[in-house]
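Novice: Attaching a single structure in structure tokens format; questions to follow.
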Amino acid sequence: MTSPVDVAVTGGAGQIGYALLFRIAAGDLLGPDVPVRLRILEVPQAMQALEGVVMELQDAALPLLEDVETSDDAATAFSGASLALLVGARPRGPGMERGDLLAANGAIFTEQGRALQDAAGDDIRIVVTGNPANTNALIAASAAPDIPRERFTALTRLDHNRALAQLAARTGARVADIRRMTVWGNHSATQVPDLTHATVAGTPATELVERSWVRESFVPTVAQRGAAIIAARGSSSAASAASATIDHARDWLRGTPEGDWTSMSVVSTGAYGVPEGLVSSFPVTCADGAWSIVEGLELDADVAAQVRASVDELEAERAQVRELGLVG
Ligand code: NAI
1 MTSPVDVAVT GGAGQIGYAL LFRIAAGDLL GPDVPVRLRI LEVPQAMQAL EGVVMELQDA
61 ALPLLEDVET SDDAATAFSG ASLALLVGAR PRGPGMERGD LLAANGAIFT EQGRALQDAA
121 GDDIRIVVTG NPANTNALIA ASAAPDIPRE RFTALTRLDH NRALAQLAAR TGARVADIRR
181 MTVWGNHSAT QVPDLTHATV AGTPATELVE RSWVRESFVP TVAQRGAAII AARGSSSAAS
241 AASATIDHAR DWLRGTPEGD WTSMSVVSTG AYGVPEGLVS SFPVTCADGA WSIVEGLELD
301 ADVAAQVRAS VDELEAERAQ VRELGLVG
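Right, here's the structure in full:
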């Protein structure tokens, strides 16, 4: 057995938290030999509900779960953490404009960025799931200038996984047979699921599906999947979002499989014309706890136009939070 890893999770009393905490404690993120200490942050009014979740975590008697600590103070929750999964966020309330949402989350992610810088371990890696995830990650990174930029990422893995599921269903293949799927841009309706580099059991996906299906079904189904789940379930995707958060963090820490890549929103290095510093989704490979953008892919004209539109949206969000004084 190796030494335990401190994993901080925010929003632990929420829907995603309820699925996520049990998966982490069961070893799905760090692996079957690594004990975990959970450090859960919630807002004061949710601390009682969180106590119930902690009781259930105890009752699951999971052998890898060494300890659970809860707090409503960010610096206490992040103290010594090696991984922070920032799930808790302010949802859009009635009558709330997008600018109000950015401002409300800006305050949360500024405070949490500072607390991460002050209290987290030197090896801290951050995954932002709470929406608007890409811009929240940008805000947290701006509030923590001493933490290397590349340690801040945002979740587009759920979109990536949804794209895998749609292509598998269309081709009759197994998800495990698909490689090199990509999601570009923002985690929003402008996201760009791109199968032009994907293979299905070694055959290029573009030889197996029609362009019209990609344009009229694949892209809109993946981009609108969140809304379809709300319509069917009466509440938003939680177990699949938790599962994607696990996949993202696991691949980052433990590496992407040989011959494949994944999609992660990371701080742009300027690759593919995405302005430096924006947190945008790219195809990435991971090894030894570090990600690298897959360079040199040819972008099909349709995909390139969609990526520009999604990146324009990210730029507009950055301009809004700059105006609010939340990023430099
Ligand atoms: P939820 O509303 O059930 O839970 C959110 C929890 O966060 C609540 O318990 C709340 O008290 C807590 N919270 C709010 N502000 C906090 C703060 N400052 N510090 C600590 N905790 C705080 O929401 P759910 O379904 O769990 O979703 C969480 C977030 O994940 C939402 O922003 C949602 O939009 C986002 N999401 C992102 C996805 C992605 O692919 N990036 C997919 C699905 C959801």
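Note that the sequence shown covers residues 1 to 328 in the UniProt record's numbering.
The beta carbon of each residue, even a glycine, is placed where N, CA and C say it ideally should be.
Being a predicted model, the structure only gives us computed values, none of them experimental.
The beta strand (DSSP E) spanning I293 covers which residue range?
Specialist: A290 to I293
Novice: Whole angstroms are fine: how far does the CA of A242 sit from the CA of S235?
Specialist: Approximately 14 Å, taken between the alpha carbons.
Novice: Quick one: what does DSSP say M264 is sitting in, helix, strand or coil?
Specialist: strand
Novice: Assign S212 to one of two classes, buried (16 or more other C-beta atoms within 10 Å of its C-beta) or exposed (fewer than that).
Specialist: exposed
Novice: Please report the straight-line C-alpha distance between V327 and A103, rounded to a whole angstrom.
Specialist: 12 Å
Novice: Taking buried to mean at least 16 other C-beta atoms within 10 Å of its own C-beta, is S3 buried or exposed?
Specialist: exposed
Novice: Between the C-alpha atoms of G289 and D247, what's the straight-line distance to the nearest angstrom?
Specialist: 14 Å
Novice: Nearest CA to the CA of I147: which residue from E66, R157, R125 and P44?
Specialist: R125
Novice: Do you know how far the Cα of A154 is from the Cα of R162?
Specialist: 16 Å
Novice: Run the CB neighbour count on Q58, radius 10 Å, all protein chains shown included, and call it buried at 16 or more, exposed below.
Specialist: Here Q58 is exposed. Its C-beta has fewer than 16 other C-beta atoms within 10 Å.
Novice: To the nearest whole angstrom, what separates the beta carbons of T182 and L208, a pair I think is in contact under 8 Å?
Specialist: Not confirmed; about 17 Å, so no contact.
Novice: How is the beta strand (DSSP E) around L8 delimited, first residue to last?
Specialist: Reading off the sequence, residue 8 comes out as Ala, not Leu. A8 -> beta strand (DSSP E) spans V5 to T10.
Novice: Rounded to the nearest angstrom, how far is the Cβ of A140 from that of L62, given a contact under 8 Å?
Specialist: The pair is not a contact, with the Cβ atoms about 29 Å apart (cut-off 8 Å).
Novice: What ranges does the alpha helix (DSSP H) occupy inside the region 3-73, keeping only unbroken runs of at least 4 residues that lie completely in it?
Specialist: 15-25 and 47-59
Novice: Run the CB neighbour count on R233, radius 10 Å, all protein chains shown included, and call it buried at 16 or more, exposed below.
Specialist: It counts as exposed.
Novice: Excluding the five sequence neighbours on either side, which residues of its own chain have a C-beta within less than 7 Å of the C-beta of V274, listed in chain order?
Specialist: S268, S280 and V311
Novice: Please list, in chain order, all residues with a C-beta atom less than 6 Å from at least one heavy atom of the ligand NAI.
Specialist: Output, sorted by chain position: T10, G11, A13, G14, Q15, I16, G17, L41, E42, V43, A46, V87, G88, A89, R90, P91, I108, T129, G130, N131, A133, L155, L158, H187, S236, S237, A238 and A241.
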